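For the working numbering, count along the sequence shown from 1 and bump the result up by 8. To keep things clear, I will list the structure first and then write my remarks on it.
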Amino acid sequence: MFKFYDCSTAPSPRRARMVIAEKRVDVETVEVDLRAGEHFSPDFQAINPRCTVPVLVSEEGEALCDNASIVRYLEALYPDPPLLGTTPLDQARTAEWIWRVESEGLMAVMEVLRNTSKAMKDRALPGPDPVPQIPELAERGRVRGERFFKVMNDRLKDTPWLAGETFSFADISAFVFVEFAAWVKLQPGEELEALASWREACAARPSGKV
9 MFKFYDCSTA PSPRRARMVI AEKRVDVETV EVDLRAGEHF SPDFQAINPR CTVPVLVSEE
69 GEALCDNASI VRYLEALYPD PPLLGTTPLD QARTAEWIWR VESEGLMAVM EVLRNTSKAM
129 KDRALPGPDP VPQIPELAER GRVRGERFFK VMNDRLKDTP WLAGETFSFA DISAFVFVEF
189 AAWVKLQPGE ELEALASWRE ACAARPSGKV
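Below is the structure:
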């Protein structure tokens, strides 16, 4: 059985949890208390020197320390249901939207949270090394996040899921982005109806409840 290092209150490991749920994979979950600083402990640093979650320990005993590696590994082992596309074009489109969600959405909200939260003073970037907060990045992050809500809505007017006709890891990442944005009081406007319908469809899936 895989060992999965999680934090139930954090957005990044939620993406991996949703993949695990979609793939119906049995894992042994180890909860890492980020608020208590357990990710900086010597024991956890021996597993992941970057001090971040999620981490999935593979069948071969290797620690996969990023959502990108975790979803690719599980996709290769459990191709049904596919989350990274099946045809070359599907795979390319999915990769494009994953990248856009991460760079234009998730990173934007992370900029706001890490540069405004008192609990993250000197933790503006993940990892063991202190990084000072920059308030101006938080303001930029808010603008970027609101802009990407509209980008997603325009896309979802034309297709049921971000990468096309099939639910994918792009939707998982985007769903976590929209939910995570509420942490910094960013909410899609009521006029973004396509985004609202898509969000309801994501939430209705079993993986939307993990």
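C-beta: ideal position from N, C-alpha, C; glycine also. Remember, it's a predicted structure, so these values are computed and weren't measured experimentally.
Query - DSSP three-state assignment for A212, whether helix, strand or coil - result: For A212, the three-state secondary structure derived from DSSP is helix.
Query raised in the report: Candidates R163, A127, K158, N123: which alpha carbon is nearest L145's?
Result: Out of R163, A127, K158, N123, N123 has the C-alpha closest to the C-alpha of L145.
Query raised in the report: Using the C-alpha atoms, what's the distance from Q53 back to L72?
Result: It is roughly 13 Å from the alpha-carbon of L72 to the alpha-carbon of Q53.
**Report entry** Which listed residue (A18, T174, F183) has its alpha carbon closest to that of K210
**Finding:** According to the sequence shown, residue 210 is Cys rather than Lys. Among A18, T174, F183, the Cα nearest to that of C210 is on F183.
Query raised in the report: Does the count of Cβ pairs from the segment 108–118 and the segment 35–50 closer than 8 Å reach three?
Result: Taking one beta carbon from each stretch, the segment 108–118 and the segment 35–50 have fewer than 3 pairs nearer than 8 Å; the two do not touch.
Query raised in the report: Given a threshold of 16 other Cβ atoms within 10 Å of its Cβ, counted over all protein chains shown, does A171 qualify as buried or as exposed?
Result: Around the CB of A171, 16 or more other CB atoms lie within 10 Å, so the residue is classed as buried.
Query raised in the report: How many Å lie between L42 and E147 at the Cα?
Result: Rounded to whole angstroms, the gap between the alpha carbons of L42 and E147 is 25 Å.
Query - Minimum length 4: unbroken alpha helix (DSSP H) runs contained in the segment 10–43 - result: As summarised for the segment 10–43, the continuous alpha helix (DSSP H) elements at least 4 residues long and confined to that stretch are 19–31, given in chain order.
Query raised in the report: For the segment 153–165 against the segment 196–207, are there 3 or more C-beta pairs whose distance is under 8 Å?
Result: Taking a cut-off of 8 Å for Cβ pairs, the segment 153–165 and the segment 196–207 touch, as three or more such pairs fall below it.
Query raised in the report: Between I142 and I180, what straight-line distance do the alpha-carbon atoms span, to the nearest angstrom?
Result: The alpha-carbon atoms of I142 and I180 are separated by roughly 29 Å.
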